[in-house]
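Here is the structure we will look at.
Residue numbers (the numbering used here): 22 to 129.
Written out as structure tokens, the structure reads:
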């Protein structure tokens, strides 16, 4: 977690975005973007054993439009938190016990 100059907290990990009820937006250099449900995205990273730090997580995403045009995978330009809204991409959600266990670890 980072604080901005205004004193607002800014998520630096996917789990923090999930706890604070944000969505995660992945943006490519071509301008294409996708919004993911943060809790389901965190669970995918947790199961795979990947770091959920935004900086590290960018290497696990790639733009399908650029891949079709160029012929190779292109990593996104940035990951950022955005307000959650209907229509975000939802992956498999964590079991309620797993989610509560992670919340307890986060709060301590």
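Backbone N, C-alpha and C define an ideal beta-carbon position, used for all residues, glycine too.
Query - Nearest to residue 93 (by Cα), restricted to the options 84, 100, 99 - result: Indexing the chain shown from 1 puts residue 93 at position 72. The option with the nearest alpha carbon to residue 93 is 84.
Query raised in the report: With burial defined as no fewer than 16 other Cβ atoms inside 10 Å of the residue's Cβ, what is the status of residue 116: buried or exposed?
Result: What you label residue 116 is simply residue 95 of the chain shown in a count that begins at 1. Classification for residue 116: exposed.
Query - Whether residue 105 touches residue 34 by CB criterion (8 angstroms) - result: Counting from one through the chain shown, the residue named residue 105 turns up at place 84. Counting from one through the chain shown, the residue named residue 34 turns up at place 13. Result no, Cβ atoms of residue 105 and residue 34 do not sit closer than 8 angstroms.
Requested in this report: Would you kindly report the start and end of the unbroken beta strand (DSSP E) that includes residue 44?
Outcome: Residue numbering aside, residue 44 sits at position 23 when the chain shown is read from its first letter. Looking at the DSSP string, the run of the beta strand (DSSP E) that includes residue 44 is 43–48.
Requested in this report: Evaluate residue 100 with the Cβ neighbour count: other Cβ atoms within 10 Å of its Cβ, from every protein chain shown; 16 or more gives buried, anything less gives exposed.
Outcome: Counting from 1 along the chain shown, the entry for residue 100 is found at position 79. Counting Cβ neighbours within 10 Å, residue 100 comes out buried, since at least 16 surround it.
Requested in this report: May I ask you to list the residues that DSSP assigns as paired with residue 13?
Outcome: The structure shown does not extend to residue 13, since the chain is modelled only from 22 through 129, so no value can be given for it.
Query raised in the report: Measuring CA to CA, which of 48, 75, 91, 69 is closest to residue 39?
Result: The count along the chain shown starts at 1 and reaches residue 39 at position 18. Answer by Cα proximity: 75.
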